[in-house]
Amino acid sequence: MRPQAIRWPASSACCFRSCRRPCLAEGERCADVRPGSPQPPAQARCSPRSPHPPPAAPPSEPRQDPLELQALTDPEAVLARLPEAFRQARLAHNREREALLYLAEANACRVTADWRCQRSAGANAAKLADAVHDRALAIRGMITQARAETSLKNYTIATELLARAELDVKSLGLPELEADIALAYSSMSYSLGKIRMSAMYAEQGLRDLGRQGSPAMRGRLLRNLARAQVESGDVASAMATLQAGEAAADLAGDPKLLAEIAIGSARIAKSRGDVATQRESAARIFRSAERLKNTQLTGLGHEALGDAFLVGGQFANAGAEYRKATASFQALRLDRDELRALRSMAGAMLKSGERDAATTASLLERMILLEERIETSDRAEAADDFAARLEYAQKERDYAFLQREKDLLQQRESALRRNNQLMLLLVAVSVAALAGLAFFYRKQRKMYFRLREANRAKQINESRISSLLQLSKGLVFIHDDHGAVIATNPKTAAAMNATVDGVVGMNLKDMLAPESLEDFASYLRDVVSKDAADCMLYLRDAEDWKRYWHLSGSRFQPEVGDAYAICYAVDLTMQARELDELNEKSLRDALTGAYNRRIMPVFEQRLGKDASWAVIIIDMDHFKQINDLHGHEEGDRVLV
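If you read the sequence shown in UniProt numbering, its first letter stands for residue 1, the second for the next number, and so on.
If you want it as structure tokens, here you go:
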């Protein structure tokens, strides 16, 4: 059985109180004390400074196999049970259960600080989750693998994994996984010495998680935030943050997280000289060690208790506790922890005034040996790390090559499939086009014969109409619905002082006098609507002579072609002129040409009712004598 060694972070910062649940209000007394813990005094009260109170009850967490939860308290038993569980899952072809079992294995390996085991298990979980298209499980696997890569100092690989997980989780909207990614970024930033960034990611994770998130996740985020606050020198805020983290971890029941919080609390108390808190934290570390049956935690508890004795001035007791701690670390070959405890023990010996040469020599000899072993281990670890990175890079290169080949093959298949689809589509379109062409050819051929017959009939009709027009002695012409002349006889063209070709194509409204335009428009409307109409029009011929015609038109609609109207015109120009002359003579005096009294109605109408006018009367004296002596003709000349 492998030793239960846990490599705790050097600056884990957490604290404990006696309450199992978070405070509800400032001044509330602690209650519900855990079994085995001392009863708190009656005046013990909850801290009013905690800025991150955990939720009152743990919300639901992501899907987990029971073995993953058991790995927190008994990782060795879980690792022993996993082979049979894997066998049953594979026999049942249950890949989802197999992925969950890999996450349980990764959790057990994390508790036992086997980072390579954790990395492999996380990668296998992500691969199986991808196979069953479970993005949430795949993201958990990538996060687990990224944490292992961070512990192995493979920060580039860890960053790539977290970036992929962060990109995938955005489409799922799972706050628990978003907070888990922020937690991984926070831990990696702290390992790289980027304290402010570590705190920023921890705060972001708390915002993503919300008040109803997992207590375990909340506790880890608060632990990271407190650790960053300690490194930044804000010890008071760190203590308040750790109080909230302790309550969340207590609700989650995670002994590893509880131990981390106790260790961090002890170290903060040491920096502040708080002996009581150091002893309380050491007691909690011992309880976690007993629960987990973990020798390393026992050694860390003795170290924390030794620090408390050292701060309290009990140097002999401090040395004894440091010796117990070094014995625990030495049994597990935890050279770094042992060297740290030996240095603390040397400091206690110097302060106590102990000058035993043999003990001092043995202590120095052991410290030198440990430093050499650590240096050798670091070199070997660096070499192994380089070899692992090289192997990983080679695998990444091979994988990238295979992935490119796969992508090219898929592109070729896709292109071939598209080409086949395009060919089928082209064939279908060609067949449809040929069918359409055949159909339209048939239709066009029918239309051609119909059009030919229609043209022949039209030519016959036009020939007949032309013959009739040529034989007609009256004013006859044909126009369309818009008044354009289609055909005319020579008589009509001569009446307009034009040729037949000059008249055909002209519109009658272009030949009209302005006062006849409205009458002609009314005539066209009546012809179209009633198929017959007549009107009186003033026309201007080619020499601008004004002619007065009476038109009578009849409209016809042939079976083929546009409608037309046959119009018969009577030239009333001479009659109109004679009538105008008669009207003019009736209105004027024959001798003088002056208007007579018949003009008065027209005159009054033109002036209007309210207009004023005057009459000049001229009387010629002795005019009668001229008529009597010389005759009326001479009298007329005198008047004119």
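Using N, Cα and C, we set each Cβ at its ideal position, and we do this for glycine too. Bear in mind that the values here come from a model prediction, so they are computed numbers and not experimental data.
When DSSP states are grouped into helix, strand and coil, Gly-233 belongs to the coil group.
Residue environment analysis places Lys-256 among the buried positions, since at least 16 neighbouring C-beta atoms fall within 10 angstroms of its C-beta.
Here Trp-613 has Leu-607 as same chain residues with Cβ atoms under 7 Å from its own Cβ, once five neighbours each way along the sequence are excluded.
The beta carbons of Leu-101 and Ala-85 sit closer together than 7 Å. Setting aside the 5 residues that flank it on each side, Leu-517 is surrounded in the same chain by Lys-509, each with a C-beta closer than 7 Å to its C-beta; the list follows chain order.
Glu-68 sits buried, since 16 or more C-beta atoms from the chains shown fall within 10 Å of its C-beta. Judged by their CB atoms, Leu-475 and Ala-494 are not nearer to each other than the 7 Å cut-off. Residue pairing by DSSP places Lys-546 opposite Arg-540 in a beta bridge. Asp-610 is classed as exposed because its beta carbon has fewer than 16 other beta carbons within 10 Å across all chains shown. Put simply, the backbone Cα of Ala-99 is about 15 Å away from that of Cys-109. In the structure shown, the three-state DSSP call for Arg-63 is coil. Taken through DSSP and simplified to helix, strand or coil, Leu-332 comes out as coil. With a cutoff of 7 Å on beta-carbon distance, Leu-572 and Leu-537 are scored as not near each other. Contact annotation: the segment 185 to 195 touches the segment 208 to 228, with at least three C-beta pairs closer than 8 Å.
A direct Cα-to-Cα measurement between Asp-180 and Met-217 gives close to 7 Å. Asp-636 carries a helical assignment under DSSP once its states are collapsed to helix, strand and coil.
No Cβ-Cβ contact shorter than 7 Å links Ala-346 with Leu-370. Rounded to whole angstroms, Asn-224 and Ala-202 show a C-alpha spacing of 6 Å. Measuring C-alpha to C-alpha distances from Gly-141 to each of Leu-177, Glu-321 and Gly-205 identifies Leu-177 as the nearest.
Here the alpha carbons of Glu-303 and Gln-296 stand approximately 11 Å from one another. DSSP places Ala-614 in the coil class of the three-state scheme, outside both helix and strand.
By the criterion of a C-beta distance shorter than 6 Å, His-550 is surrounded in its chain by Met-536, Val-570 and Leu-572, once the five residues flanking it on both sides are discounted. For Glu-372, the closest of Asp-335, Glu-149 and Thr-359 by C-alpha to C-alpha distance is Asp-335.
By the Cβ-count criterion, Ala-357 is exposed, with fewer than 16 other Cβ atoms from all chains shown falling within 10 Å of its own Cβ.
The beta carbon of Asn-124 is closer than 6 Å to those of Tyr-102 in its chain, skipping five residues each way along the sequence.
In the displayed model, Ala-106 falls within a helix according to three-state DSSP. In its chain, beyond the 5 residues on either side, Val-78, Ala-104, Asn-107, Ala-108 and Val-111 have a beta carbon closer than 7 Å to the beta carbon of Ala-71.
Boundaries of the beta strand (DSSP E) around Leu-475: 475 to 479. Taking C-beta atoms under 8 Å as the contact rule, Ala-146 and Ala-113 fail to qualify, at a distance of about 17 Å. With 16 or more other Cβ atoms inside 10 Å of its own Cβ, Pro-75 counts as buried.
Contact check for Thr-150 against Gly-122 fails: the beta carbons are separated by 7 Å or more.
The beta carbon of Val-275 lies closer than 6 Å to those of Ala-308, Val-311 and Gly-312 in the same chain, with the five residues before and after it left out. In the structure shown, Arg-211 adopts coil according to DSSP, grouped into three states. A straight-line Cα-Cα distance of about 6 Å links Arg-95 and Leu-128.
A direct Cα-Cα distance of roughly 21 Å separates Lys-446 from Ile-460.
When the beta-carbon positions are compared, Ser-288 and Ala-266 stay at least 7 Å from each other.
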